[in-house]
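Report on the structure given below.
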Amino acid sequence: MHIRICAAILLTVLAACSDADPRLMNVGTSSRAPDEFSILPTKPLEAPDDFSALPPPTPGGSNRTDPQPEAEAILALGGNPDAGAGGGALVAAASRFGVSPNIRATLAAEDLDFRRKNDGRLLERIFDVNVYFRAYAPLALDQEAELARLRRLGVRTVAAPPGPGFQ
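Start counting at 1 in the sequence shown, then tack on 93, and there's your number in my numbering.
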């Protein structure tokens, strides 16, 4: 009888010794392998029409096949990457309804509150069970239902496969 009481007390004490900041998912790695998301593909090499029009090589500088993610993002969002440095027009369009000066602190506090509320049950915390997907399930978008809704409204969905009945 005393052993069971001691085991229950020990289990309660161990559960109380959790981290102050709950983590929903441990995305870090203990591996020393390269991070596959940090590798950007380059454009294929191509020969210019006129070799004399090429700029002189700059050691350590960029070349025509280097990816330029900021310019590509501005172009993908319908902007003009040549309009100016920093995408000022894009920032102006994104902040047209106002900008909260303390948005980072607000989001950090809300995220911490969400993680505390969804930290898992006692045994899940003790055995380090991943509760990430269950915590975010109510926030997930049902892509098939959303695609059907958009098609009913007549919105063109060019990035999605053709609907049923397409020949």
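Note that CB positions come from ideal geometry on N, CA and C, so glycine has one too. What you are looking at is a predicted structure, and each value in this text was computed from that prediction instead of being measured.
Nearest-angstrom Cα separation, counted from residue j out to residue i
i    : j    : result
P160 : R244 : 35 Å
R209 : R218 : 12 Å
E239 : V248 : 11 Å
P254 : I167 : 26 Å
V222 : P148 : 56 Å
P205 : G171 : It is Leu, not Pro, that sits at residue 205 in the sequence shown. Cα to Cα, the separation comes out at about 35 Å.
P150 : A187 : 37 Å
A140 : N156 : 13 Å
G213 : A230 : 14 Å
H95  : L232 : 45 Å
R125 : D143 : 44 Å
R189 : N173 : 18 Å
A252 : A164 : 22 Å
R97  : E203 : 39 Å
D175 : V184 : 15 Å
A152 : D235 : Reading off the sequence, residue 152 comes out as Pro, not Ala. Going by the C-alpha atoms only, they are around 49 Å apart.
T250 : F220 : 44 Å
L200 : G191 : 16 Å
G181 : E237 : 36 Å
Cβ shell of residue i (< 7 Å), same chain only, five flanking positions each side left out
i    : result
D128 : none
A268 : Since the first residue shown for the chain is 94 and the last is 260, residue 268 is missing from the structure and cannot be characterised.
A100 : none
Cβ shell of residue i (< 8 Å), same chain only, five flanking positions each side left out
i    : result
A241 : none
Is the stretch 150 to 164 touching the stretch 129 to 136 in the sense that three or more CB pairs, one from each, lie closer than 8 Å?
They touch, by the three-pair rule.
Where in the stretch 151 to 222 do unbroken runs of the alpha helix (DSSP H), each at least 4 residues long, occur, reported from the N-terminal end onward?
162 to 169, 181 to 187, 196 to 210 and 215 to 219
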